[in-house]
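In this note's numbering, the protein residues as written are 290 to 1390. Glycine residues also receive a C-beta, built at the ideal position from the N, C-alpha and C atoms. Quick notes on the structure that follows.
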């Protein structure tokens, strides 16, 4: 996407506004402000900045001004309309000025080198140099150097001989296609903004998030570390096999012990080489960088020597004779002539070859049977480009460990006894060979494509250089590999190609005998190439680990973020050396190569996924300069990476994925929270949107119903949570499943309460973390609490993810409160949940509920099933018992039978119903006989109505109202006490029950003969008669039901009870609260349950 900024000069007023001095723009004459001081050079910081919202964000030269900038207040007239926003939103001229002076210094070796140079008391500040590397030097050549290496020189000829030209081309095409597709994806990511130091790790972590970034970053680190092991092993193999074989410490007396002796030599020399290279990296990183050009020259000269040698073979093939016994290739170490016998002074004598197969040099000696039956033959190891040997090398020749390297076109007489072949000087396979093994061994030869992106800070134009340089380097190396496969197969004899260590050509490097002018060009070139690659791996891997550690996403790695005073990663270098030593102790190049192949493939896999994800999500910030990418190519690249992983080694692939998975889960569980605008978050948002739309299509089936909670919290005056145990109970009920929204309301407007709302949200979130409540927090400001809670009930949630259950605490102080707003809000909330078809849970004495750390012992959860509410009463104990707090509690269900009900049949039916519901519970049917209304009930009702009438009708001040209410309360309490204290006068006066008719007859019968105490009692009868009979009946129900519940469930850990609905006539709201208070009196932990008007539990599967 192209942008064009048009700078428009705004005219000055008559009074003249002083112009801001801008560097290199010809400020006003006489300005003494230093331009460098006025606009500071902004360096890219990997550490996230902290803004007012507490969210870490990447640093930017755009909106966030420095303190220096904020001091320059705008004092002009032309833009006065925007002057109040100048402190947060700069002028476009200021923005462009900062962009012009913005630099992105790579935080890698360059800083360490400069810090080393600047050490000392007379350190002088250097001017910042702008990056100046172009595509060729900055990207193309580093990628070329990293891609071409040890496998090309030591294993490619053996791969061609073993797999054949066709299958070798298949290997090259597969692996190079993988890296080319990855390079396309990487180019898109690298050109989508500035990529600081960190290269591939930075790209993946910022595209896929800290979890994937950390996991893949560590896999890339391990791959780079094992690559160092492979290069060191390659260096030692060249040294001990082709340069100074006599330097070997362990020497095999017998041929069968040679592989073990070679491995031990590799371990000893490899460890010494690792220590030496680590010291070089620790002491002088700058020398490694300065030698990089030398190492690159070695690689290029070696390749040119190979092509020159191939051309020379077309008209003058080199003379490298190969000795065959029958069709078997012989190791040409201990003999100089390929003859059994020869004539010396007309006398037939035996040769050195004879003594290798016979027990004595005599002509009548006992010899190996195969040696006796077959003749020796000499063929040319390099017949040349025009010899037609390419036809013999088209197809592969795989075999088990110990299989002899044979020329199928030579005549051979088989021997009956082959048991002694392993002791004879034949060339044989040192490992079992098959196609997938060769893929794993070859793949490291195409890695190194990230070298350009790792140097993005040093490039003049990274967004142009990285795609061109990387893709051109891959295209060049692909051409080199394909041409090498074809030319090797066309020039070199098959038995020589399959000779891994060059035993048939007197211990020469096979690719070396093809080179011109001398094999030593390749030997020395490959030696220094491997040394340089090993040093660069030991230089890059610790810095990658340091970058991961400094990001803080993996807590246990933070120690590796520290180093020397100049930033050199000392601790990371020590860990890298230790891991590298593991690869050296393996000692086999062929065994180490598949290991690092897994880690590199894992890295490339996620680069492709990152590009595909960003493309498909159409993220607004996804605007790469590189346009030649497509999500299908990225997915193809990712699929190819996975395929190559399992083709190379399925068990290594599983181990690599397991390591990455463990790191991912660890970062998710313990790692620091980072917001990097990653694609996984975008994917989550898209997935959530899709799921919400699907959920809204139809209501959930009864089988899928679970309480989706809206928890209404009350806050203290300091905005802390008043009842944190409500969150604990929600956690125990939900067990982390389903939706939980925690809401609260502050009285006032959002403009005046903004800071308090944010503080309250932080406090609620802190309490949710403490109580382990997983969900969302929402604190709103409203003109009054009633409207605020109403808005939460109506609007909380989104789409299909809305709450269906409201959880709140019982207003325990409603009687003591002078303000009726608290209990009126409570009753209105009950009405609104009913109207919204939402279930309601009200916890009484919630502060006595168990915490998440408690473990309740043997006890019961009692359910009093009075009316059917859709089954919520039975579902809630089942959900609670899934949590470890309530796990040992048993469930008891009580139901109430009336006089005309068959309680025995009710119990049987209920037990069968619970059996079908798959619920384990004890069942008990409680019979409640019809009885007359007691005097106590009348007294309670009278007190309630008098209190209600007084509060409604008397227009008194708050203080007077409280005093009058207390007087009425005290008078009625004394009257009630007087009644209760009367002496026994007979059974009919102890169990006095009342109906209206009985009340009138009793009044007429006893008017003349009652004593003074009874007469005083009956003086209240007219007041009883005037009571609202509906209230009397309701109070009677509350009193009787409370007696039964307290009698049966007073010792239960929790009592669940149907919650009666509020009266339709709002005039009786205060009476409703009194009814509930009487109903719950004497019980400790109570949960009132009101259903949402639908079935929530089913007997069907």
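(1) For residue 1084, does the three-state DSSP call read helix, strand or coil?
(2) Please confirm if the segment 780 to 789 is in contact with the segment 441 to 452, defined as three or more CB-CB distances below 8 Å between the two stretches.
(3) Since residue 1342 contacts residue 1149 with CB under 8 Å, what's their CB separation in whole angstroms?
(4) Can you check which of these residues, 1337, 1016, 924, 1349, is closest to residue 1323 by C-alpha distance?
(5) State the Cα-Cα distance for the pair residue 1310 and residue 1144, rounded to the nearest angstrom.
(6) Report the residue from 812, 1020, 719 whose alpha carbon sits nearest the alpha carbon of residue 551.
(7) Out of 1351, 1085, 587, 1079, which has the shortest C-alpha to C-alpha gap to residue 997?
(8) Near residue 659, what residues of its chain come up, given a Cβ to Cβ distance below 6 Å and the 5 sequence neighbours on each side ignored?
(9) Can you tell me the Cα-Cα spacing of residue 335 and residue 837, whole angstroms?
(10) Between which residues of its own chain and residue 601 is the CB-CB distance below 8 Å, once the five residues before and five after are set aside?
(11) For residue 1080, which residues of its own chain have a beta-carbon under 7 Å away from its beta-carbon, when the five flanking residues on both sides are left out?
(12) In terms of residues, what are the limits of the beta strand (DSSP E) holding residue 1184?
(13) Considering only residues of the same chain and omitting the five flanking positions on each side of residue 1373, which have a CB-CB separation below 7 Å?
(14) Between 490, 446, 499, which lies nearest to residue 954 when the distance is taken from Cα to Cα?
(15) Name the DSSP bridge partner or partners of residue 844?
(16) If contact is defined by three or more beta carbon pairs under 8 Å, each pair taking one atom from either stretch, is the segment 822 to 836 in contact with the segment 509 to 520?
(17) Please check the pair residue 1392 and residue 480, which I expect to be a contact at CB under 8 Å, by giving their CB distance rounded to whole angstroms.
(18) Are the segment 556 to 571 and the segment 521 to 538 touching by the rule of at least three beta carbon pairs closer than 8 Å?
(19) Which term fits residue 609, buried or exposed, when burial requires 16 or more other beta carbons within 10 angstroms of its beta carbon?
(20) Can you tell me whether DSSP reads residue 1201 as helix, strand or coil?
(21) Taking just the CA atoms, how far does residue 1380 sit from residue 1153?
(22) CA-CA distance, residue 1038 and residue 1168?
(23) Give the secondary structure of residue 857 by DSSP, where H, G and I count as helix, E and B as strand, and everything else as coil.
(24) Flag this pair as touching only if the segment 713 to 730 and the segment 870 to 887 have three or more C-beta atom pairs under 8 Å; answer yes or no.
(25) Please classify residue 1200 as buried or exposed, where buried requires at least 16 other C-beta atoms within 10 Å of its C-beta.
(26) Comparing the CB of residue 715 with every heavy atom of the ligand SAH, is any distance shorter than 6 Å?
(27) Excluding the 5 residues flanking residue 1216 on each side, which residues of the same chain have their C-beta closer than 6 Å to its C-beta?
(28) Just to confirm, are residue 666 and residue 628 a CB contact at a threshold of 7 Å?
(29) Is the segment 467 to 474 touching the segment 855 to 865 in the sense that three or more CB pairs, one from each, lie closer than 8 Å?
(30) Among residues of its own chain, excluding the 5 on either side of residue 254, which ones have a beta-carbon nearer than 7 Å to its beta-carbon?
(31) Could you tell me if residue 1094 is buried or exposed, where buried requires 16 or more neighbouring beta carbons within 10 angstroms of its beta carbon?
(32) Is it right to say residue 844 is buried, meaning 16 or more other beta carbons lie within 10 angstroms of its own, or is it exposed?
(33) Helix, strand or coil for residue 1340? Go by DSSP, reduced to three states.
(34) Strictly by DSSP, which residues pair up with residue 610?
(35) When DSSP labels each residue in this structure, what does residue 1066 get in the three-state scheme?
(36) Look up residue 331 in the DSSP assignment and say whether it is helix, strand or coil.
Put simply:
(1) Taking the first residue of the chain shown as 1, we reach residue 1084 at position 795. DSSP, reduced to helix, strand and coil, places residue 1084 within a helical segment of the structure shown.
(2) With the rule of 3 Cβ pairs closer than 8 Å, the segment 780 to 789 counts as touching the segment 441 to 452.
(3) Indexing the chain shown from 1 puts residue 1342 at position 1053. Indexing the chain shown from 1 puts residue 1149 at position 860. Right, the Cβ-Cβ distance comes to about 7 Å (below 8 Å), so this counts as a contact.
(4) Residue mapping note: residue 1323 aligns to position 1034 of the chain shown, counting from 1. Cα-wise, what sits closest to residue 1323 is 1349.
(5) Against the chain shown, residue 1310 aligns to sequence position 1021. Against the chain shown, residue 1144 aligns to sequence position 855. Its pLDDT being 47, under 50, residue 1310 is placed unreliably in this model, and the value from its coordinates should be taken loosely. One C-alpha to the other measures close to 53 Å.
(6) For the purposes of this step, residue 551 is identified with residue 262 of the chain shown, where counting begins at 1. Cα-wise, what sits closest to residue 551 is 719.
(7) The residue given as residue 997 occupies position 708 in the chain shown. Closest option to residue 997, Cα to Cα, is 1085.
(8) The residue you call residue 659 lines up with position 370 of the chain shown. Answer for residue 659: 704, listed in chain order.
(9) Locating residue 335 in the chain shown gives position 46, where the first residue counts as 1. Locating residue 837 in the chain shown gives position 548, where the first residue counts as 1. With a pLDDT of only 38 at residue 335, under the threshold of 50, the placement of this residue in the model should not be trusted; the figure read from the coordinates follows. So the two alpha carbons sit approximately 11 Å from each other.
(10) In the chain shown, residue 601 corresponds to position 312, counting from 1. The beta carbon of residue 601 sits closer than 8 Å to the beta carbons of 607, 805 from its chain, once the five residues preceding and following it are set aside; these are given in chain order.
(11) Walking along the chain shown from the start, residue 1080 turns up at place 791. Cβ neighbours of residue 1080 within its own chain (closer than 7 Å, five residues either side excluded): 1069, 1071.
(12) Numbered from its first residue, the chain shown carries residue 1184 at position 895. Secondary structure note for residue 1184: its beta strand (DSSP E) is the uninterrupted segment 1178 to 1186.
(13) Within the chain shown, numbered from 1, the residue matching residue 1373 stands at position 1084. Hits under 7 Å: 1134, 1137.
(14) Taking the chain shown and counting its residues from 1, one reaches residue 954 at position 665. Among 490, 446, 499, the Cα nearest to that of residue 954 is on 499.
(15) The residue given as residue 844 occupies position 555 in the chain shown. Its beta-bridge partners do not exist; DSSP assigns none.
(16) By the criterion of at least three beta-carbon pairs nearer than 8 Å, the segment 509 to 520 is in contact with the segment 822 to 836.
(17) No statement about residue 1392 is possible, as the shown extent of the chain runs from 290 to 1390 and does not include it.
(18) Below 8 Å, enough C-beta pairs join the segment 556 to 571 and the segment 521 to 538 to call them touching: three or more.
(19) One-based indexing of the chain shown puts residue 609 at position 320. With 16 or more neighbouring CB atoms inside 10 Å of its own CB, residue 609 falls in the buried class.
(20) Counted from its first residue, the chain shown places residue 1201 at position 912. Here residue 1201 sits in helix by DSSP.
(21) Residue 1153 sits at position 864 when you count from the first residue of the chain shown. Residue 1380 sits at position 1091 when you count from the first residue of the chain shown. In this structure, the alpha-carbon of residue 1153 lies about 14 Å from that of residue 1380.
(22) Position 749 of the chain shown, counting from 1, holds the residue named residue 1038. Position 879 of the chain shown, counting from 1, holds the residue named residue 1168. Spanning the two alpha carbons is a distance of roughly 39 Å.
(23) If you number the chain shown from 1, residue 857 lands on position 568. If DSSP states are grouped into helix, strand and coil, residue 857 belongs with coil.
(24) Between the segment 713 to 730 and the segment 870 to 887, the count of Cβ pairs shorter than 8 Å is three or higher; the stretches touch.
(25) The sequence position of residue 1200 within the chain shown is 911, counting from 1. Taking all protein chains in view, the Cβ of residue 1200 is surrounded by fewer than 16 other Cβ atoms within 10 Å, so the residue is classified as exposed.
(26) Of the ligands one can find in the structure shown there are none, so the ligand SAH has no counterpart to examine.
(27) Numbered from its first residue, the chain shown carries residue 1216 at position 927. Closer than 6 Å at Cβ, skipping near neighbours: 1186, 1192.
(28) Along the chain shown, one-based indexing puts residue 666 at 377. Along the chain shown, one-based indexing puts residue 628 at 339. For residue 666 and residue 628, no; Cβs fall outside 7 Å.
(29) Two segments are said to touch when three or more pairs of C-beta atoms, one from each, lie closer than 8 Å; by this definition the segment 855 to 865 does not touch the segment 467 to 474.
(30) Summary: the structure shown does not reach residue 254, with the chain confined to residues 290 through 1390, and so no result is reported for it.
(31) One-based indexing of the chain shown puts residue 1094 at position 805. With a threshold of 16 other beta carbon atoms within 10 Å, residue 1094 meets it and is buried.
(32) Stepping through the chain shown from its first residue, residue 844 is reached at position 555. Only exposed fits residue 844, as fewer than 16 other CB atoms lie within 10 angstroms of its CB.
(33) The residue given as residue 1340 occupies position 1051 in the chain shown. Coil, per DSSP.
(34) As a working note, residue 610 is residue 321 in the chain shown. Answer by DSSP bridge pairing, in chain order: 669.
(35) The residue given as residue 1066 occupies position 777 in the chain shown. It is a strand residue.
(36) Residue 331 sits at position 42 when you count from the first residue of the chain shown. Note that residue 331 scores a pLDDT of 37, beneath 50, so its modelled location is shaky and nothing firm can be said.
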